[in-house]
Amino acid sequence: HSIPCCTVCICTGHRKCENIETITETAERLRTKEHYKLFVAMGELEKEMTDIKNELEKNIADIEETSDNLIEEAEAMYTNLQKHIEKIKNEYLRKLSEKSKECRGKLQENSDSLGDKFSYLKRCKKSFNSMKEERDDVQFVREFYEISKKYSTLKDLYLKNKTCLRLMKVTSNFDSKCFEGMDYLGNVNVEIIKTFHTERCMPSSSLYAYHIRKRKS
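Under our numbering, think of the first position of the sequence shown as 47, with each following residue one higher.
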């Protein structure tokens with residue numbers, strides 16, 4: 047049992063035990079053998095703990111450095127995104143302005159052309175309406191055919207150009223909610239880069255047993 051006992055205990059509770067030695071013999075054995083073995087075991091365990099502690103502290107420093115770098119990258123990406131969004135916004139507004147100006151120009155041109163024909167028609171109509179009071183038959187007939195000819199010419203020109211008349215609108219596939227579905231810029235993951243397993247049994251003495259229970263990952 048490696049348990050110190052008095053003479054009474056040896057004779058009563060430990061009568062069946064073998065390899066009983068005196069305190070002097072035990073002390074000598076511990077001094078010459080077990081002390082060194084246990085000292086070596088402590089040293090190796092101390093070294094392992096020190097190495098792992100140093101790796102953990104270095105890991106902490108690496109994570110802090112990585113975090114700082116990712117923050118800088120995120121800020122840089124945000125700045126670049128702002129510049130890019132500003133660029134494509136300006137390009138979108140430029141195209142919108144060009145298309146709107148083009149549509150307004152064509153509509154205005156058609157409106158002006160139709161307005162001229164409309165004004166000409168009103169003058170013809172006014173002249174045609176006033177000629178009812180003409181008492182001279184020759185003059186009446188002459189004016190009637192003259193206005194009728196103007197009307198026919200105007201009508202043919204109008205019908206010819208009517209097919210070119212268009213009502214237009216400016217449309218866009220721009221979706222103002224397209225960015226609302228974006229929940230994140232990127233994933234942030236934690237990965238295990240190393241685990242510490244028991245690769246060998248630590249040295250032990252007859253007085254101490256080192257039980258290492260490995261936790262399931």
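All C-beta atoms, glycine included, are put in the ideal place defined by N, C-alpha and C. As the structure is a computational prediction, the values presented were derived from the model and not from experiment.
Using only alpha-carbon positions, find the residue among the options that is nearest to residue i.
i, options, result
"K280", "K129, K163, A122, T217", "Within the shown structure, residues of the chain are numbered from 47 to 263, placing residue 280 beyond reach of any answer."
"V216", "S173, K168, L153", "L153"
"T199", "C170, K99, C210", "C170"
"R150", "K79, T70, M214", "M214"
"I193", "L167, E137, T68, S218", "L167"
The alpha helix (DSSP H) that contains residue i, what's its start and end?
i, result
"S218", "Taken as a continuous stretch (DSSP letters only), S218 belongs to no alpha helix (DSSP H), as it is neither H nor E."
"C170", "81-176"
"T70", "69-75"
"T199", "183-208"
Express the C-alpha separation of residue j and residue i in angstroms, rounding to a whole number.
i, j, result
"K141", "E119", "32 Å"
"E71", "H81", "14 Å"
"S165", "N175", "15 Å"
"E144", "E179", "54 Å"
"E148", "K195", "36 Å"
"D173", "S146", "With the sequence shown as reference, residue 173 is identified as Ser, and Asp is not the correct amino acid for it. Near 40 Å, if we compare the C-alpha coordinates of S146 and S173."
"T209", "N126", "49 Å"
"E110", "M95", "23 Å"
"L253", "D97", "Bear in mind that a pLDDT of 40 at L253, under 50, signals an unreliable position, so the number given afterwards is only what the model happens to contain. Whole-angstrom Cα-Cα distance: 27 Å."
"T68", "A107", "55 Å"
"S159", "L139", "30 Å"
"D114", "N105", "14 Å"
"I258", "E74", "Model confidence at I258 stands at a pLDDT of 32, short of 50, so the residue's coordinates are unreliable; what they give is reported in the following sentence. Each residue's Cα considered, the two are about 30 Å apart."
"K201", "N219", "40 Å"
"F186", "M177", "7 Å"
"K99", "L76", "32 Å"
"R188", "G161", "27 Å"
"M123", "L102", "31 Å"
"K83", "E121", "57 Å"
"G89", "K79", "16 Å"
"F85", "K93", "12 Å"
"Y191", "V184", "11 Å"
"K135", "T112", "34 Å"
"K133", "Y197", "54 Å"
"H130", "L116", "20 Å"
Report the CB separation of residue i from residue j in whole angstroms; it is logged as a contact under 8 Å.
i, j, result
"N156", "L211", "5 Å"
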